[in-house]
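Residue numbers (mature numbering (1 follows the signal peptide of the UniProt record, and there is no 0)): -23 to -1, 1 to 213.
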């Protein structure tokens, strides 16, 4: 599947794209559990996680540096988080005021096209405070998340892929670990993949898809759109 990503972007470059994203993705990281009244840190990275490539923020593709990160609270209110540039990532924080699940997300369509392809980078993670509760579907059409729980080395981690609240079956999801391991899984009828947690560390999961749609974006014509959706989870 990664080879397919590179082929798509190579073809986009041949078709006249001034920049290519080279299979890079945006991903969010945070501790999966939080506490009321205590600041929760969130980090935003851009790069190729499977190969350990983390880009300096000054080198992010197109206008990705202007992305916005939002927090969906248990009461369904939404807050825009302030971002601080840390050189190789952006950092945000929020302080939970109630128990429940908090969904942090970003979705940014870049200004520049790759040839005639429009790119959109999306990432989301859930943070649990207090008693467990279902994670809200959020404000985005696609959802890729792991249940908020403690994941242990040698165990298994379920991730679920949905669109508009409905499971997406028979889709490829790429899972990458900080050790350099990666594997592509196929979702079942429930939109679920089950990952073997072989090593401790942070894992990033990515689902991408391309649609043949056309339009005008910042004064330029496009004939297709590509969207990459990521989430992350930690194994101890």
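Quick reminder that beta carbons are idealized off the backbone N, C-alpha and C, glycines included.
Residue of 161, 176 and 36 minimising C-alpha distance to residue 169: Closest by alpha carbon: 161.
Residues of its chain near residue 20, where Cβ-Cβ distance is below 6 Å and the 5 sequence neighbours each way are ignored: Scanning its chain for C-beta atoms nearer than 6 Å, with the 5 sequence neighbours on each side dropped, one finds around residue 20 the residues 6, 66 and 68, in chain order.
Complete alpha helix (DSSP H) runs within the stretch 45 to 126 (minimum length 4 residues, chain order): Correct list: empty.
Residue 42 to residue 129 span [Cα, whole Å]: Each residue's CA atom was taken as its position, placing residue 42 and residue 129 some 34 Å apart.
Between the CA atoms of residue 199 and residue 37 - distance to the nearest angstrom: Distance between the alpha carbons of residue 37 and residue 199: 21 Å.
Classification of residue 17 by the beta-carbon crowding that lies within 10 angstroms, buried from 16 upward: With 16 or more neighbouring CB atoms inside 10 Å of its own CB, residue 17 falls in the buried class.
Rounded straight-line distance, which links the Cα of residue 98 to that of residue 22: Spanning the alpha carbons of residue 22 and residue 98 requires a straight line of approximately 11 Å.
Expected contact under 8 Å - CB spacing of residue 207 and residue 2 to nearest Å: About 5 Å separates the two Cβ atoms, so the contact holds.
Local Cβ density within 10 Å of residue 12, reported as buried at 16 or more and exposed below that: Exposed.
Nearest neighbour of residue 192, chosen from 96, 33 and 64 [CA to CA]: Nearest neighbour of residue 192 by Cα position, chosen from 96, 33 and 64, turns out to be 96.
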